[in-house]
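Engineer: Taken in order, these protein sequences are the chains called L and F. Counted from 1, the first sequence has number 304 at position 304 by the numbering used here; the numbering is strictly sequential. Counted from 1, the second sequence has number 659 at position 289 by the numbering used here; the numbering is strictly sequential. Here's a structure for you.
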Amino acid sequence: MKYLDEYRDGNLAQQLAREIHRVTTKPWTIMEVCGGQTHAIVKFGIDELLPKQITLIHGPGCPVCVTPLEVIDKALELAARPGVIFTSFGDMLRVPGSATDLLSVKARGGDVRMVYSPLDAVQLAEQNPAREVVFFGVGFETTAPATALAVFQAAQKGLGNFSMLISHVLVPPAIEALMSAPGCRVQAFLAAGHVCAVMGYEEYPPLAAKYHVPIVVTGFEPLDILQGILMTVQQLESGRAEVENQYARAVTRRGNQPAQELIRKVFQVVPRKWRGVGEIPQSGLGLTAAYAAFDAERKFGVANRPVAEPADCVAGLVLQGLKKPHECPAFAGKCTPEHPLGATMVSSEGACAAYYRYRRQAAPERAFSK
Amino acid sequence: MTTPEFNAICPVPMQQYPHVLMAHGGGGRLMHQLLETVFGPAFSNPILDARHDSAQFSVPPGKLAMTTDSYVVRPLFFPGGDIGSMAIHGTVNDLAMSGARPLYLSCGFIIEEGLPMETLWRVVSSMRAAAQQCGVQIVTGDTKVVDQGKGDGLYLNTTGIGVIEHELPIAPTSVMPGDAVIVSGDLGRHGMAIMAVREGLQFESTIESDSASVRNPVRALLKAGIAVRCLRDLTRGGLASALNEIAAAAGVKIAIEQKAVPVREDVHAACEMLGLDPLHVANEGRFVAFVAGPDAGRAVEILRHHEVSAQAAVIGNVAASTGPLVTIKSPIGASRILDMPSGEQLPRIC
Chain L
1 MKYLDEYRDG
11 NLAQQLAREI
21 HRVTTKPWTI
31 MEVCGGQTHA
41 IVKFGIDELL
51 PKQITLIHGP
61 GCPVCVTPLE
71 VIDKALELAA
81 RPGVIFTSFG
91 DMLRVPGSAT
101 DLLSVKARGG
111 DVRMVYSPLD
121 AVQLAEQNPA
131 REVVFFGVGF
141 ETTAPATALA
151 VFQAAQKGLG
161 NFSMLISHVL
171 VPPAIEALMS
181 APGCRVQAFL
191 AAGHVCAVMG
201 YEEYPPLAAK
211 YHVPIVVTGF
221 EPLDILQGIL
231 MTVQQLESGR
241 AEVENQYARA
251 VTRRGNQPAQ
261 ELIRKVFQVV
271 PRKWRGVGEI
281 PQSGLGLTAA
291 YAAFDAERKF
301 GVANRPVAEP
311 ADCVAGLVLQ
321 GLKKPHECPA
331 FAGKCTPEHP
341 LGATMVSSEG
351 ACAAYYRYRR
361 QAAPERAFSK
Chain F
371 MTTPEFNAIC
381 PVPMQQYPHV
391 LMAHGGGGRL
401 MHQLLETVFG
411 PAFSNPILDA
421 RHDSAQFSVP
431 PGKLAMTTDS
441 YVVRPLFFPG
451 GDIGSMAIHG
461 TVNDLAMSGA
471 RPLYLSCGFI
481 IEEGLPMETL
491 WRVVSSMRAA
501 AQQCGVQIVT
511 GDTKVVDQGK
521 GDGLYLNTTG
531 IGVIEHELPI
541 APTSVMPGDA
551 VIVSGDLGRH
561 GMAIMAVREG
571 LQFESTIESD
581 SASVRNPVRA
591 LLKAGIAVRC
601 LRDLTRGGLA
611 SALNEIAAAA
621 GVKIAIEQKA
631 VPVREDVHAA
641 CEMLGLDPLH
651 VANEGRFVAF
661 VAGPDAGRAV
671 EILRHHEVSA
681 QAAVIGNVAA
691 STGPLVTIKS
701 PIGASRILDM
711 PSGEQLPRIC
């Protein structure tokens, strides 16, 4: 497929891998921030091409995984209400709350619908004036513009029956939290290309300087990731800690300005709890006062009930890169995609799901040696 | 089939009733009219025309194969097919997967009250055409009408009987190390065609379902004396599920190569966009064949002579293993597990 196969070329991948082997002289630990990158790494076996000194650890960049249990419980409560059409992206539907999930609520009669865009939910609200339509707005800066546009349009159309349960989160505060946590092993970051396509990468130089970590904005195809790793290792080996852009075909320094403007118009930065990590200051987006009427939590008065994560689940440590999925005693035993203990096993971008799907039975053999 | 006066348009008496009523399933005059003017003429053959409560027929010598499947696809008509032709192809293909020659089908109609009679007629006409093309006869059937809101317009069930006229033990347990793995064509079209119409997704081109009978290419393989070990149609769960089931039954390792698996460009693009794997997506006219390694080249050549399997390709092989395992070699040369999909395919967030 055009624009895709070029970035999956086996020969070029081997060339990049050889170059990474050539420049690597010491052990390095690199975190890929985004769950999409984690899946590509495991699916294509990119880590098998790398020298043994390089450890990739999987970051918190999976929107489904970091949405707190309390928020999912609120979604379940709203979805079960008569008169509500609850709309969500597909991969939130299977995520377990403390008692059940959205697909089970649907099976018991809740009107839960999968949408491909928040604008589909706005359209549903227009078509069903007698019903309340709630959209589950989750994700990073990547999905925030679409969520913001939906709220903006609903306001313009004067839709009184549309609202959102919002749990949007931001990448730079998460990087900051990871770097300042005790026991952090991360020496460099592959920043999430799609997040930067929206936001640009002007937020990153202060982080790179403060923690002396290289940050390379990286895409999602095998060649992107290998090149991102190469650029990162070159910086590490030469003692540099700069922000570089591997994904220049999609990302500019300042990002998508109209999208950012829309986000600023509708959202304000708020503290946000991350599942498995805890509360991170100024790490999320919430509706501004002007759009507060579209806040489903406020509109329906859903209560905030703190809940505990299953004791066996180490998803929090996985999201912080402190443990690998297969180091969890519940992995592939008590915890499977059919019976997940934590969100990292459910989402298509979750690290545990990636390991379960692609690596369950055998430790990978190295396909390339120096 | 002997149906001299078959009309391509909905029969006149039915036009008095533009929609199916509860009475059409009630056993009285209206139901009789439906059977006599719609199902009877469309599917006419001596066994059905005898109008017994059960069909009576003699059985040719050999083992029999029997299968049943229900069809609940929404929408009823989609690019490349409809529920009627799919209900014939699906059951004929299930029979073909044991190398059987399909003989007779039954068909159960569960109709939602209010279904346009014209729609029913279009489905029945499509079934008639598909059955003729596959060389099977519909010899018995059943009609029920359910209250409005209790069904998606129309559900179908078809059961098929076929005769096995070869001596090969075609079964997952016959698969052994050294066998070649062949797919009969490009993958993922049916599932993506349905998803595109159901969810109103617009891609640059229309993806058409691959719904079709694969009986002829299978017959050609058997006729040519290919050492066929196992055949499996690639419906729900796609290639990934089929390979995992077979690896588990045979206790072998199946290793395939991503680059060798044919996937049409538009299907590939749609899957990439939605975060789906074409190897997990359903097909309705594709199968995987395990054949003895040395026969692989000849088998592919035979398959390619048939339009429905013109894209057939060897995608991998079978090796001995301590436990069942399916692996896939990625385009950059690394191998990973190819797992069964977990539940329904859900598009990802971003």
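By construction, the Cβ of each residue, glycine as well, lies at the ideal position given by its N, Cα and C atoms.
Residues of chain F with a CB under 8 Å from the CB of Lys43 (chain L): which are they?
Structural biologist: Ser700, Arg706, listed in chain order.
Engineer: Does any residue of chain F bring its CB to less than 8 Å from the CB of Arg113 (chain L)?
Structural biologist: No, no contact with chain F.
Engineer: Answer yes or no: does any C-beta atom of chain L fall closer than 8 Å to that of Ala630 (chain F)?
Structural biologist: No - not a single Cβ of chain L is within 8 Å of the one on Ala630 (chain F).
Engineer: So Glu48 (chain L) contacts chain A; which residues on that side make the cut at Cβ distance below 7 Å?
Structural biologist: Considering every chain present, this structure includes no chain A. Its protein chains are L and F.
Engineer: Report, in whole angstroms, the separation of the C-beta atoms of Gly450 (chain F) and Glu635 (chain F), which I expect to be a contact under 8 Å.
Structural biologist: So it is not a contact: roughly 17 Å between Cβ atoms.
Engineer: Using a Cβ-Cβ cutoff of less than 6 Å, which residues in the same chain neighbour His394 (chain F) once the five nearest sequence positions on both sides are dropped?
Structural biologist: Within the same chain, His394 (chain F) has close Cβ partners Leu400, Met401, Leu404, Val515.
Engineer: Could you tell me the distance, in whole angstroms, from the CA atom of Arg366 (chain L) to the CA atom of Val213 (chain L)?
Structural biologist: Here Arg366 (chain L) scores only 36 on pLDDT, less than 50, and its place in the model should not be relied on; the value that follows carries that caveat. Looking at the two C-alpha atoms, the distance is approximately 28 Å.
Engineer: Sorted by chain position, which residues of the same chain lie with C-beta nearer than 6 Å to Cys641 (chain F)'s C-beta, five sequence neighbours on each side aside?
Structural biologist: Around Cys641 (chain F): Pro648.
Engineer: In the DSSP assignment, find the unbroken alpha helix (DSSP H) run with Val42 (chain L) in it and report its ends.
Structural biologist: 35-44 is the span of the alpha helix (DSSP H), which, as asked, contains Val42 (chain L).
Engineer: Quick one: what's got a C-beta closer than 6 Å to Asp603 (chain F)'s C-beta in the same chain, skipping five residues either side?
Structural biologist: Asn463, Met467, Phe657.
Engineer: How long is the line joining the alpha carbons of Leu673 (chain F) and Ala420 (chain F), rounded to whole angstroms?
Structural biologist: Computed Cα separation, rounded: 39 Å.
Engineer: So, using beta-carbon positions, are Val216 (chain L) and Leu190 (chain L) closer together than 8 Å?
Structural biologist: Against a cut-off of 8 Å, the Cβ pair of Leu190 (chain L) and Val216 (chain L) comes out as a contact.
Engineer: Counting only C-beta atoms, is Ser348 (chain L) closer than 8 Å to chain F at any point?
Structural biologist: Yes, Ser348 (chain L) lies at the interface with chain F (some Cβ there is under 8 Å from its Cβ).
Engineer: Would you please verify whether the beta carbon of His638 (chain F) is less than 8 Å from any beta carbon of chain L?
Structural biologist: Cβ-Cβ to chain L under 8 Å: yes for His638 (chain F).
Engineer: Name the residue from F:Ala594, F:Pro431, F:Phe479 whose alpha carbon lies nearest to the alpha carbon of Ile534 (chain F).
Structural biologist: The candidate whose alpha carbon is nearest that of Ile534 (chain F) is F:Pro431.
Engineer: Taking just the CA atoms, how far does Cys313 (chain L) sit from Val269 (chain L)?
Structural biologist: Rounded to whole angstroms, Val269 (chain L) to Cys313 (chain L) spans 30 Å at the Cα level.
Engineer: Tell me, please, whether the segment 486-506 of chain F touches the segment 603-617 of chain F by the rule of three or more beta-carbon pairs shorter than 8 Å.
Structural biologist: These segments do not touch.
Engineer: Using alpha carbons as the reference points, say which of F:Lys593, F:Val390, F:Asp549, F:Ala690 lies closest to Glu482 (chain F).
Structural biologist: That would be F:Val390, whose Cα lies nearest to the Cα of Glu482 (chain F).
Engineer: Determine the extent of the alpha helix (DSSP H) in which Tyr355 (chain L) is found, giving its start and end residues.
Structural biologist: Tyr355 (chain L) -> alpha helix (DSSP H) spans 351-359.
Engineer: By how many angstroms is the C-alpha of Gly219 (chain L) removed from the C-alpha of Glu6 (chain L)?
Structural biologist: Computed Cα separation, rounded: 13 Å.
Engineer: Which residues mark the beginning and the end of the alpha helix (DSSP H) in which Lys74 (chain L) is found?
Structural biologist: Here the alpha helix (DSSP H) through Lys74 (chain L) covers 69-79.
Engineer: Ile417 (chain F) by DSSP, collapsed to three states: which one?
Structural biologist: Reduced to three states, the DSSP call for Ile417 (chain F) is helix.
Engineer: Flag this pair as touching only if the segment 271-287 of chain L and the segment 174-193 of chain L have three or more C-beta atom pairs under 8 Å; answer yes or no.
Structural biologist: Output reads yes: the segment 174-193 of chain L touches the segment 271-287 of chain L.
Engineer: When the Cα atoms are used, what is the spatial distance from Gly530 (chain F) to Leu475 (chain F)?
Structural biologist: Distance between the alpha carbons of Gly530 (chain F) and Leu475 (chain F): 4 Å.
Engineer: What would DSSP say about Asn161 (chain L), mapped onto helix, strand or coil?
Structural biologist: Residue state, collapsed to three classes: coil.
Engineer: Let's see if you can read the secondary structure: which residues bound the alpha helix (DSSP H) around Cys477 (chain F)?
Structural biologist: Here Cys477 (chain F) belongs to no alpha helix (DSSP H); instead the beta strand (DSSP E) covers 470-482.
Engineer: Do Ala125 (chain L) and Ala154 (chain L) have their C-beta atoms closer together than 8 Å?
Structural biologist: A contact, by the Cβ cut-off of 8 Å.
Engineer: From the DSSP output, in three-state form, read off Lys324 (chain L) for me.
Structural biologist: Looking at Lys324 (chain L) - three-state DSSP - the assignment turns out to be coil, as it is neither helix nor strand.
Engineer: DSSP has Trp28 (chain L) in a bridge; who is on the other side?
Structural biologist: Paired residue(s): L:Ile54.
Engineer: So, does the CB of Ala367 (chain L) fall closer than 8 Å to a CB anywhere in chain F?
Structural biologist: Confidence at Ala367 (chain L) is low in this model, with a pLDDT of 35, below 50, so its placement is unreliable and no value can be given for it.
Engineer: Would His650 (chain F) be called buried (16 or more neighbouring beta carbons within 10 Å of its own) or exposed?
Structural biologist: By the neighbour-count rule (16 or more Cβ atoms within 10 Å), His650 (chain F) is buried.
Engineer: Which value, in whole angstroms, describes the spacing of the CA atoms of Phe368 (chain L) and Ser611 (chain F)?
Structural biologist: Caution is warranted here: a pLDDT of 36 is assigned to Phe368 (chain L), below 50, making its placement in the model unreliable, and the coordinate value is therefore given only provisionally. In a straight line, the C-alpha of Phe368 (chain L) is about 29 Å away from that of Ser611 (chain F).
Engineer: Looking at Tyr201 (chain L) and Val251 (chain L), is the spacing between their C-beta atoms short of 8 Å?
Structural biologist: The answer is yes: Cβ separation under 8 Å.
Engineer: Considering Cα atoms alone, identify which of L:Ala351, L:Met179, L:Gly193 is closest to Tyr211 (chain L).
Structural biologist: Nearest option by C-alpha distance: L:Met179.
Engineer: Relative to the C-alpha of Thr528 (chain F), which residue among F:Gly519, F:Asp580, F:Gly511 is closest?
Structural biologist: Among F:Gly519, F:Asp580, F:Gly511, the Cα nearest to that of Thr528 (chain F) is on F:Gly511.
Engineer: Which residue or residues does DSSP assign as beta-bridge partners of Gln507 (chain F)?
Structural biologist: In the DSSP output, where bridge partners are listed per residue, Gln507 (chain F) has F:Tyr474.
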